[in-house]
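Reading through the structure tokens given below for one structure.
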Amino acid sequence: MITYKNYYETIQSKGLNKTDLPMTLWKGWDFVNKVSLGGDSWTTYDSSEPIKRTVDLYFSKFEEFIASKKPDSKTTAKKKAPQKTEVVVETIEDTLMASSNVRQKMPKHQQATLVDEHISVVKRLEKELAAIPKMYSQDGKEKDETIVYAHYFYAQSDWFITEQNPKEDLFYGYTILNGDSQMSESGNLQISEFVKNGKVELDFHWKKKTLEAALYRADPDFFPAPKKAVTKTQVKPVAKRKEPNRTNKATRPSIKSNAKKVEALSVELKFLKRYVNLHNKEKTRSQIRLFISALQKAIRERKITKKSEFAKEITEIQSGLIMLHGGFENDTEKVIVKISEKRLAKILPVLGKQIQMQSVKFIKSYISLQGKLITNKQAHSLYTRIVRAYNAGKVTKRDKYWEELESIMEQLATFIQKNPNQGLLRIESRELNGLSGIVLGCPCDQDSLDGFDTIPERTIMNSMDIIKLNFKKLDFKGKWREFIGNPSKGFSAMIFAKPKMGKSYMSVDWAGYLANNHGTVLYVAQEEGIDETLQMKLREKAVMHPDLYVANYLPEDLSKYDFVFLDSITKLKLTPSDLAVMEANYPNISFISIFQVTKSGNFRGNNGFQHEVDVVIEIPEKGKAIQYGRFNQGGEMDVFDDMGD
């Protein structure tokens, strides 16, 4: 009998490809691969009854096909006279199945886009990912000796991988988040976080190089040039070196020389540094818009004021960014950003005035682990980094916060001894308050690849630890908090009502609130399309925003959105299984499904929809919405009440 336990073994033992099956089974073949992540995880199958029924039906059909396939004379002849033949992989599915390193380490959204033309790429990546050396094999080496074997990237963030321990789900490497080279550092990273993230990508064209060369390539304005680049025997740069038209390095001041060591870098310097890093980089309008939004938010919150030391420079770069944003023809266009030599000459001298203390960086890393379920390896990594810094003289006993570092090392050592696998790191309130005061203003709560939005699969925890966990919430405000509650990231919801009751009005209003306060929103208007009616709703609710997008179809790639409205499920012809697959592929996206209803008032579709979502919203009479879900039972809202939040 074919089950999920022996399905992939059967395929492998019989040497089957999708094309060997009847075309009626092809869709089932693809669906099982998506649901099980290529056989790596059957969690979605176990947790969803509709998906389980669909997959089991396919297994029974697949079993019938296997039973009906009789060995022909050629097969019999081969058994009698076996010959050595070279197995030729003809499809990308077969290549992936044979490439365990790629399946484990390539982001799932990239795997889903692979086609047969990528077979040679996957084979090459399989060898390169397998060649990453074991953990601690490059320990103690300087940046000019440490080799980077793989590179992941997203927007202005880079992860350079130098070591690995796949059995423990760990990489070791150097991280630059959001283009902030001053805050960059090395440490452990979980492989599964890269694979499931939905946005981070593996660099298919990476060629291994020293960490020193990789960092210089990522940010030549901050990291020093590789030592080999300045030796007398080095060949002089050819004409191509002029193409980037970078500022003459000799005229740039060293960012670290004579810098004042501070607990927290000033907000102005962070934005000025981020602005300089745009020079000669390829950017999209969306990336520039995000920069402008962050800058204007800091000004609104009075983190930057007219009395700020660098207010003039901030005003100038804001004007330059707005002008640059208006010069794009569309959202997909990419341009090379050029900052004038005159403006660079004004900004560069001030960037070296501050540098964050190494001890404070360690304290920030320690605080970021507070209240999280972390592995023994994560704690050991931070402990080792502090010891390395002390041995290298980067922190000394004369450091202002040496006592705090000693205490942190003691706490980490105790944690490592008590938790051989994983455990909850809990910092006492008094200690946490003191450490937080040191790094006041640091972005310790920003999302990164080092934290958990949810508890990892197959976890066993003590009940005393569970009640201490701090789960990330979206922190809804105003009428939406009263109506829905405070959902977690990646929640799911459904809305249903008869025509003309106000479900689209409420959906558009909610989409606008989310775009204005919580992330990027895609509203799939399959039912009404992009027309005058939708335009009127956007205007009446006054929810237009650069982070609110509308489409009249469902795109294949949803990775750049945080919230997706599906209006309507009926028109999009989606099933509970389709939604389950989307949620499995994009675990950090919140899906809000909108339904048509029957004459009796029940929504059109399988009852499986209602059982799978976190929030259910019904509009039984015109303009009156009621909500029942896991975050707030019995919430009510007047759909046409336009009072502000």
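In my numbering, the protein residues as written are 11 to 655.
All C-beta atoms in this analysis are idealised placements derived from N, C-alpha and C, irrespective of residue type, glycine included.
First and last residue of the uninterrupted beta strand (DSSP E) at residue i
{"i": "G197", "result": "195 to 200"}
{"i": "Q364", "result": "364 to 366"}
{"i": "A561", "result": "558 to 561"}
{"i": "E646", "result": "645 to 648"}
{"i": "H161", "result": "160 to 164"}
{"i": "K656", "result": "Nothing about residue 656 can be read from this structure; the chain reaches only from 11 to 655."}
{"i": "L383", "result": "383 to 385"}
{"i": "T315", "result": "Careful: T315 lies outside any beta strand (DSSP E) and carries neither H nor E."}
{"i": "V45", "result": "Careful: V45 lies outside any beta strand (DSSP E), inside the alpha helix (DSSP H) at 36 to 45."}
{"i": "V534", "result": "531 to 535"}
{"i": "I602", "result": "600 to 605"}
{"i": "L435", "result": "It is not in any beta strand (DSSP E) - L435 carries neither H nor E in the DSSP assignment."}
Integer-rounded CB distance, given that residue j should sit under 8 angstroms from residue i
{"i": "F605", "j": "T585", "result": "With 8 angstroms as the limit, F605 and T585 do not qualify as a contact, their Cβ atoms being about 13 angstroms apart."}
{"i": "H119", "j": "S569", "result": "5 angstroms"}
{"i": "N198", "j": "K387", "result": "6 angstroms"}
{"i": "L435", "j": "L358", "result": "The pair is not a contact, with the Cβ atoms about 40 angstroms apart (cut-off 8 angstroms)."}
{"i": "L275", "j": "Q166", "result": "That belief does not hold up - the Cβ atoms of L275 and Q166 are roughly 17 angstroms apart, past 8 angstroms."}
{"i": "D588", "j": "E537", "result": "About 17 angstroms separates the two Cβ atoms, so there is no contact after all."}
{"i": "F573", "j": "G529", "result": "6 angstroms"}
{"i": "I314", "j": "E351", "result": "25 angstroms between Cβ atoms; not a contact."}
{"i": "Y184", "j": "L225", "result": "7 angstroms"}
{"i": "Y658", "j": "Y55", "result": "A question about residue 658 goes unanswered here, because the residues of the chain that appear run from 11 up to 655."}
Sequence-distant residues of the same chain with beta carbon closer than 8 angstroms to residue i, five excluded per side
{"i": "D40", "result": "K28"}
{"i": "M11", "result": "E73"}
{"i": "V623", "result": "S502, A503, M504, S603, G639"}
{"i": "L331", "result": "Y285, I298, F301, I302, L305"}
{"i": "V205", "result": "Q114, K115, M116, P117, K118"}
{"i": "P430", "result": "N386"}
Span of the alpha helix (DSSP H) around residue i
{"i": "M333", "result": "321 to 336"}
{"i": "N527", "result": "513 to 527"}
{"i": "Y14", "result": "Y14 -> no alpha helix (DSSP H), and no H or E assigned at all."}
{"i": "I494", "result": "488 to 494"}
{"i": "N595", "result": "586 to 595"}
{"i": "I357", "result": "351 to 361"}
{"i": "I3", "result": "No information on residue 3 is available, as it lies outside the stretch 11 to 655 that the chain covers here."}
{"i": "F641", "result": "First-last for F641: undefined, no H or E at that position."}
{"i": "A224", "result": "221 to 228"}
{"i": "T156", "result": "Careful: T156 lies outside any alpha helix (DSSP H) and carries neither H nor E."}
Backbone secondary structure at residue i - three-state DSSP
{"i": "E292", "result": "strand"}
{"i": "A503", "result": "strand"}
{"i": "D409", "result": "coil"}
{"i": "F575", "result": "strand"}
{"i": "E96", "result": "With a pLDDT of only 45 at E96, under 50, the local geometry of the prediction cannot be trusted, and the value read off the model is given with reservation. Three-state result, E96: coil."}
{"i": "G150", "result": "coil"}
{"i": "A235", "result": "coil"}
{"i": "W52", "result": "coil"}
{"i": "W216", "result": "coil"}
{"i": "K90", "result": "Confidence is the limiting factor: at K90 the pLDDT is only 47, short of 50, which leaves the residue's position unreliable, though a coordinate-based value still follows. DSSP places K90 in helix when its eight states are reduced to three."}
{"i": "V625", "result": "strand"}
{"i": "T172", "result": "strand"}
{"i": "S109", "result": "coil"}
{"i": "E343", "result": "coil"}
{"i": "I186", "result": "strand"}
{"i": "Q380", "result": "coil"}
Sequence-distant residues of the same chain with beta carbon closer than 6 angstroms to residue i, five excluded per side
{"i": "R408", "result": "none"}
{"i": "N287", "result": "G189"}
{"i": "I418", "result": "Y376"}
{"i": "E343", "result": "none"}
{"i": "K283", "result": "L361"}
{"i": "Y533", "result": "A521, V560, F575"}
{"i": "F493", "result": "Q637, G645, M647"}
Residues of its chain near residue i, where Cβ-Cβ distance is below 7 angstroms and the 5 sequence neighbours each way are ignored
{"i": "D485", "result": "N496"}
{"i": "P263", "result": "Confidence at P263 is low in this model, with a pLDDT of 38, below 50, so its placement is unreliable and no value can be given for it."}
{"i": "K24", "result": "none"}
{"i": "L221", "result": "K153, T156, V158, F170, T172, Y184"}
{"i": "D50", "result": "R113"}
{"i": "A228", "result": "D168, I186"}
{"i": "E416", "result": "none"}
Exercise. Using 8 angstroms as the threshold, is the region 545 to 553 in touch with the region 514 to 533, meaning 3 or more CB pairs across them?
Worked result: Taking a cut-off of 8 angstroms for Cβ pairs, the region 545 to 553 and the region 514 to 533 touch, as three or more such pairs fall below it.
For this session: Could you tell me whether the region 122 to 138 touches the region 184 to 203, where touching means 3 or more Cβ pairs closer than 8 angstroms?
Result: With a cut-off of 8 angstroms, the region 184 to 203 and the region 122 to 138 do not count as touching, because too few Cβ pairs lie within range.
Exercise. Between the region 558 to 567 and the region 524 to 537, are three or more C-beta pairs nearer than 8 angstroms?
Worked result: Using a Cβ-Cβ distance cut-off of 8 angstroms, the region 558 to 567 and the region 524 to 537 are in contact, since at least three pairs of beta carbons, one from each stretch, lie closer than that value.
Problem set entry | Contact the region 287 to 307 vs the region 360 to 379: 3+ CB pairs below 8 angstroms | Segments in contact, no.
Exercise. Quick one: any contact between the region 162 to 175 and the region 204 to 212, if contact means 3 or more CB pairs under 8 angstroms?
Worked result: Enough Cβ pairs lie closer than 8 angstroms, so yes.
For this session: Indicate whether the contact test is met: 3 or more Cβ pairs, each with one atom in the region 119 to 134 and one in the region 177 to 195, closer than 8 angstroms.
Result: In short, these stretches do not touch, since the Cβ pair count stays below three.
Problem set entry | Inter-stretch contact at 8 angstroms, needing at least 3 Cβ pairs: the region 54 to 67 / the region 18 to 36 | A contact between stretches requires three or more CB pairs, one per stretch, nearer than 8 angstroms, and the region 54 to 67 fails this requirement with the region 18 to 36.
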